[in-house]
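The next block holds one structure in the form of C-alpha cells; read it before the comments.
2 protein chains.
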Amino acid sequence: MTKIAVAGVGLTKFGEMWDKSLLDLAFEASKEAIKDAKMNKNKIDAVFVSNMLIGKIAGQDHLGAVIASSLDLNCASFKVEGACASGGLAIHLAIQSLLAGTYKNALVVGAEKMTDASTSQITWALMGASSSQERKAGLTFPALYALLAQAHMQKYGTTREQLAQVAVKNHSHATLNPKAHYPFEITLEQVLKSNSISYPLGLLDCSPITDGAAAVVLSATESSGIFISGSAVATDNIDLAQRDSLTELKATKLAAKIAFDQAGVEIDDIKIAEVHDCFTIAEILAMEDLGFCPKGEGGKFIAGGSTQLGGRCPVNTSGGLKACGHPVGATGVKQIIEITQQLRQSAALRQVRGANLGLTQNVGGTGATVAIHILQT
Amino acid sequence: MTKIAVAGVGLTKFGEMWDKSLLDLAFEASKEAIKDAKMNKNKIDAVFVSNMLIGKIAGQDHLGAVIASSLDLNCASFKVEGACASGGLAIHLAIQSLLAGTYKNALVVGAEKMTDASTSQITWALMGASSSQERKAGLTFPALYALLAQAHMQKYGTTREQLAQVAVKNHSHATLNPKAHYPFEITLEQVLKSNSISYPLGLLDCSPITDGAAAVVLSATESSGIFISGSAVATDNIDLAQRDSLTELKATKLAAKIAFDQAGVEIDDIKIAEVHDCFTIAEILAMEDLGFCPKGEGGKFIAGGSTQLGGRCPVNTSGGLKACGHPVGATGVKQIIEITQQLRQSAALRQVRGANLGLTQNVGGTGATVAIHILQT
Numbered sequence: 011m012t013k014i015a016v017a018g019v020g021l022t023k024f025g026e027m028w029d030k031s032l033l034d035l036a037f038e039a040s041k042e043a044i045k046d047a048k049m050n051k052n053k054i055d056a057v058f059v060s061n062m063l064i065g066k067i068a069g070q071d072h073l074g075a076v077i078a079s080s081l082d083l084n085c086a087s088f089k090v091e092g093a094c095a096s097g098g099l100a101i102h103l104a105i106q107s108l109l110a111g112t113y114k115n116a117l118v119v120g121a122e123k124m125t126d127a128s129t130s131q132i133t134w135a136l137m138g139a140s141s142s143q144e145r146k147a148g149l150t151f152p153a154l155y156a157l158l159a160q161a162h163m164q165k166y167g168t169t170r171e172q173l174a175q176v177a178v179k180n181h182s183h184a185t186l187n188p189k190a191h192y193p194f195e196i197t198l199e200q201v202l203k204s205n206s207i208s209y210p211l212g213l214l215d216c217s218p219i220t221d222g223a224a225a226v227v228l229s230a231t232e233s234s235g236i237f238i239s240g241s242a243v244a245t246d247n248i249d250l251a252q253r254d255s256l257t258e259l260k261a262t263k264l265a266a267k268i269a270f271d272q273a274g275v276e277i278d279d280i281k282i283a284e285v286h287d288c289f290t291i292a293e294i295l296a297m298e299d300l301g302f303c304p305k306g307e308g309g310k311f312i313a314g315g316s317t318q319l320g321g322r323c324p325v326n327t328s329g330g331l332k333a334c335g336h337p338v339g340a341t342g343v344k345q346i347i348e349i350t351q352q353l354r355q356s357a358a359l360r361q362v363r364g365a366n367l368g369l370t371q372n373v374g375g376t377g378a379t380v381a382i383h384i385l386q387t
Numbered sequence: 011m012t013k014i015a016v017a018g019v020g021l022t023k024f025g026e027m028w029d030k031s032l033l034d035l036a037f038e039a040s041k042e043a044i045k046d047a048k049m050n051k052n053k054i055d056a057v058f059v060s061n062m063l064i065g066k067i068a069g070q071d072h073l074g075a076v077i078a079s080s081l082d083l084n085c086a087s088f089k090v091e092g093a094c095a096s097g098g099l100a101i102h103l104a105i106q107s108l109l110a111g112t113y114k115n116a117l118v119v120g121a122e123k124m125t126d127a128s129t130s131q132i133t134w135a136l137m138g139a140s141s142s143q144e145r146k147a148g149l150t151f152p153a154l155y156a157l158l159a160q161a162h163m164q165k166y167g168t169t170r171e172q173l174a175q176v177a178v179k180n181h182s183h184a185t186l187n188p189k190a191h192y193p194f195e196i197t198l199e200q201v202l203k204s205n206s207i208s209y210p211l212g213l214l215d216c217s218p219i220t221d222g223a224a225a226v227v228l229s230a231t232e233s234s235g236i237f238i239s240g241s242a243v244a245t246d247n248i249d250l251a252q253r254d255s256l257t258e259l260k261a262t263k264l265a266a267k268i269a270f271d272q273a274g275v276e277i278d279d280i281k282i283a284e285v286h287d288c289f290t291i292a293e294i295l296a297m298e299d300l301g302f303c304p305k306g307e308g309g310k311f312i313a314g315g316s317t318q319l320g321g322r323c324p325v326n327t328s329g330g331l332k333a334c335g336h337p338v339g340a341t342g343v344k345q346i347i348e349i350t351q352q353l354r355q356s357a358a359l360r361q362v363r364g365a366n367l368g369l370t371q372n373v374g375g376t377g378a379t380v381a382i383h384i385l386q387t
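Top line first, the protein sequences correspond to chains A and B.
The first sequence lines up with residues 11 to 387 when you count with this note's numbering.
The second sequence lines up with residues 11 to 387 when you count with this note's numbering.
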C-alpha cells in the first residue's frame, strides 16, 4: 500500500485520572499530537475517535462531534468501535480515507475514562465485547481468556510460570515509561501468588482498568518521518464456542498475512512490536500467531528473553496493556505511538537500538477483531 | 470522486418488531442485500455496521464482529457511530475503503432495536447524541428541536401549520411504502391537535421509536447500475448554545457543498431527496440549507407542494423518519436504499418518474454531524 505518515503523536499519562474527564484527556492528547505534527489545526480534515465504553458509563455518544467541537473543527468526524480493537480500527479507517484522497490529514484520538465506573458497571460495559451467549453463561473476560490459557496448557504444556513471565517482563519495561499506569517491577513469585481471578489467571496476569488518551495525526502529504506501510483488519467468530481452535487467534494470522504482504516484509524483519497483552496468555498467543515462534512454543519463547529489552525483538516496551495500562479505546492508538517513538529513536530509556521496522497487534474481545499495523522509517 | 456502485440493497419491515432481535434484523437485511447484488458472500471483503443504541439498551457492543460472524465472514469488520447519522457515516467510510483500493465490495448494515427498551432507557440512550451540558439542563431531543423551531418561527414567521404540513406529506408518502412503520394518512388538524411534546412540536411532529435494519452492498468493481458520486461529512458544534445560528444547520451546508462539487452537480439537478425529518422543523431546515429554497422560506416551500410526490422534487418518498420510521442506526442506510430504488425505477407506487439523480441528508443530534450522499444512474 501507499505509505501514510505518522506526522504527530500525543499521549496522556495512563492511570487513575480522577481529576480529568474523557474530553479533558482526549483534548490534551489531540492538542499534543497536532503540536507535534507542527500543523495548523485547520489542516486536519477528518477526526476519527476510538472509544468503547463512555456511552454506557456516562451516557455520552456522538464522540466524533464532541471531540471535533472541542477542537473548534467543522471537518468530518467519526466514532469507530470494535471493542478493545477500536483504536486499531480507527487508525485503519483513517488510513483508508487518506489513501482514497478524500482527506489529507486525519486526527485519530483514542480515549477511555474507566475508573469513574463501579466494578459491576465496568464489567457489564466490557462484556459488550463478547457474544450474548457468553454473557448469558456468566462468563467474564478473565474467564474467557482463562479458557484459552487452559487449552494452551493442556495441548502444549505451557506452564503457569511462563504465563507469569509475560507480566514480569512487561512491568519491567513499564519502569522505563513515564506514562505507564504501573511503572514498577513485579516478581514471578508475586504473579504466581496473586489472587486467582479465573484459573490459571491471577490478578497480576490481568491488564488493569485505566484512564487515558492517545492521539496521532496521520498524513498523506508528509514525505519524511515514520510511515505506516501495512494496515489490516480481520474478524473471527465472536463466540469462543464456535471457533475451530482455542489455541490460536485466527484473526491475528489473517490480518498479519495481509499487513506483511502490503508492507513487503516478513516477521524476521520486525525489530519491535506492541501486542495486545490484555491477559498474559494473549501475548503468548500473539507471539505464535504472528509467527515469532512456532505454535505451542510462545511461553518458552518469551521466557527465553528474546522479547525483553535487549533481546532480538523487544515486545511491549511501553509496558503493554498489563503495565502501561489498558484504557480500551486508547490502546490501539497508544501502540502506534510507542512504535513511532521507537522508530524516531526518541523512546529515551526504553529505546530499542536500530529499531526501523515495528508492528502493532490490537485485539477486540477474545480475538473476534484483530488489527495489525506495520510501521517503518 | 470516482463513482462507487450500489450493487445490492436489503431492507426489513420498519416497526415494532417484537419477535426479532437486532441480529435477526441485521442478518435479514444483509442476506437480502447480498442476494440482490447477485454476489457470493465471500466476495464481501469488509463489513461496516451502523448502530447507536444497542450497547446501552442490551449491552452488546463489538457489532462488526457480531454481524460478520453471523454471516460466517472473516473479513474486516467495523462499527461506526455518529448518533442518528451513524448510517451516513458508515456509508461514507465504506466508500473511502473502496476508493482506497483496499476492499472491493463492502457490506454496510444499519440496524437498531429500540422498542425493547423502556421510555426512560431510550430517552437516556438517545440523549447520548447531545452535549453533556444539554443533558445537565434537562433537555430532550424534542426540546432541542423545539428551540430550533421557535427561533425559525420568530425570525422568519414560519407557522405551526407549515411544520405540520411536513408530517402530513410524509405520512401520505408512507401509505405507498410497504416497509413503513406508519403507512397511513394523517390530517393537518390531527397534527395540530396532537399532544404537545415541546412547543411548537406536537406528538405528530416527532419521528417514532422504531425497530429495523437496512443493508447495502457497495462495490468498486461494478460498471453499471446506480452509483454514489458524492459523499461528504461535516461537523458543527455539538452544543446548540455554542452555535452561530439557531436557524440553520451549518454542517448541512458544508457537507452539501463538498458533495455537490464531487458529483459535479447542483441542487437544481436533484430530482428526489431523502432528508432527515426527525422532527418537522428539521425538514424545513434541510430544504433551506441544501439550497432547495431561500433561507426562511422552507415552510412555505414545502406547503407549496414541490416536495410532494408529483411535485418538482419529491422529498422523503419513503415516508421519511416521521412515517417510515427512525431506527437510528438504520436510517442513513435506508435513505440510500430509497434513492437507489427510485433510480432503479423500482419504487412501485411511489416511483418518481424520470428520477436519475438523488440526494440523501442524514443528521446526527441537532446537526453536529451531517452526512450527504449524491446518487445517480
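Just so you know, even glycine gets a beta-carbon here, dropped at the ideal spot from N, CA and C.
Inclusion of residue 370(A) and residue 284(A) in the CB contact set at 7 Å is warranted, their separation being smaller than that value. Residue 69(B) sits in coil when the DSSP states are folded into three classes, being neither helix nor strand. Look at residue 225(A): its C-beta is not under 7 Å from any C-beta on chain B. For the region 116–134 of chain B, residues whose beta-carbon sits nearer than 9 Å to a beta-carbon of chain A comprise 134. CA-to-CA, the gap between residue 187(B) and residue 51(A) works out to about 46 Å. Scanning the region 90–143 of chain B for uninterrupted alpha helix (DSSP H) segments of 4 residues or longer gives 96–109, 129–136, listed from N- to C-terminal end.
By the Cβ criterion, the region 280–296 of chain B is in contact with the region 161–173 of chain B, since at least three pairs of Cβ atoms, one from each stretch, lie closer than 8 Å.
Flagged as an interface residue toward chain B: residue 88(A), by a C-beta distance shorter than 7 Å. Around the beta carbon of residue 358(B), a 10 Å sphere encloses fewer than 16 other beta carbons of the protein chains shown; the residue is thus reported as exposed.
Shown here for residue 230(A): same chain residues with a beta carbon closer than 7 Å to its own, the five before and five after excluded, namely 14, 108, 114 in chain order. Residue 246(B) and residue 377(B) do touch by the CB rule: their CB atoms are close to 6 Å apart, below 8 Å. In summary, the residues of the region 232–263 of chain A whose CB is separated from some CB of chain B by less than 9 Å are 241, 242, 243, 244, 245, 246, 247, 248, 249, 252, 260, 261, in the order they occur in the chain. When CB distances to chain B are screened at a threshold of 7 Å, the residues of the region 73–87 of chain A falling below it are 74, 75, 76, 78, 79, 83, 84, 85, 86, 87, in chain order. Residue 155(A) is classed as buried because its beta carbon has at least 16 other beta carbons within 10 Å across all chains shown. With respect to chain A, the C-beta atom of residue 370(B) has no partner C-beta closer than 7 Å. Closest by C-alpha distance to residue 172(B), out of 333(B), 326(B), 28(B), 311(B), is 311(B). Look at the beta carbons and you see the region 14–25 of chain A touching the region 215–234 of chain A: at least three pairs across the two are nearer than 8 Å. Between residue 244(A) and residue 210(A), the C-beta spacing is not below 7 Å. Considering only 182(A), 146(A), 239(A), the residue with the shortest C-alpha distance to residue 194(A) is 182(A).
Distance from the CA of residue 94(B) to the CA of residue 37(A), rounded to the nearest whole angstrom, comes to 24 Å. Annotation: the continuous alpha helix (DSSP H) that includes residue 309(A) extends over 308–313.
A straight-line Cα-Cα distance of about 52 Å links residue 215(B) and residue 350(A).
Within the region 96–109 of chain B, the residues whose Cβ lies closer than 7 Å to some Cβ of chain A are 99, 103, 106, 107, 109, listed in chain order. Per DSSP, residue 241(A) lies in no alpha helix (DSSP H) segment; the continuous beta strand (DSSP E) that holds it begins and ends at 236–245. Under a criterion of Cβ atoms nearer than 8 Å, the residues of chain B adjacent to residue 379(A) are, in order, 72, 74, 75, 87. The distance from the Cβ of residue 98(B) to that of residue 372(B) is about 3 Å, consistent with a contact at the 8 Å cut-off. Using a Cβ-Cβ cut-off of 9 Å, residue 66(B) is close to 65, 66, 69, 71 of chain A, given in chain order.
In the structure shown, the three-state DSSP call for residue 221(B) is strand.
Beta-bridge partners assigned by DSSP to residue 370(A): 284(A), 383(A). Chain B places a beta carbon closer than 7 Å to that of residue 139(A), counting this residue as a contact.
Under the DSSP assignment, residue 21(A) falls in the beta strand (DSSP E) whose first and last residues are 14–21. Contact fails between the region 258–266 of chain A and the region 318–332 of chain A, because fewer than three Cβ pairs, one in each stretch, are under 8 Å apart.
Check the Cα spacing between residue 67(A) and each of 273(B), 201(B), 142(B), 221(B): the tightest is with 142(B).
For residue 56(B), the enclosing beta strand (DSSP E) stretches over residues 56–60. Among the residues of chain A, those whose CB is under 8 Å from the CB of residue 93(B) are 71, 72, 75, following chain order.
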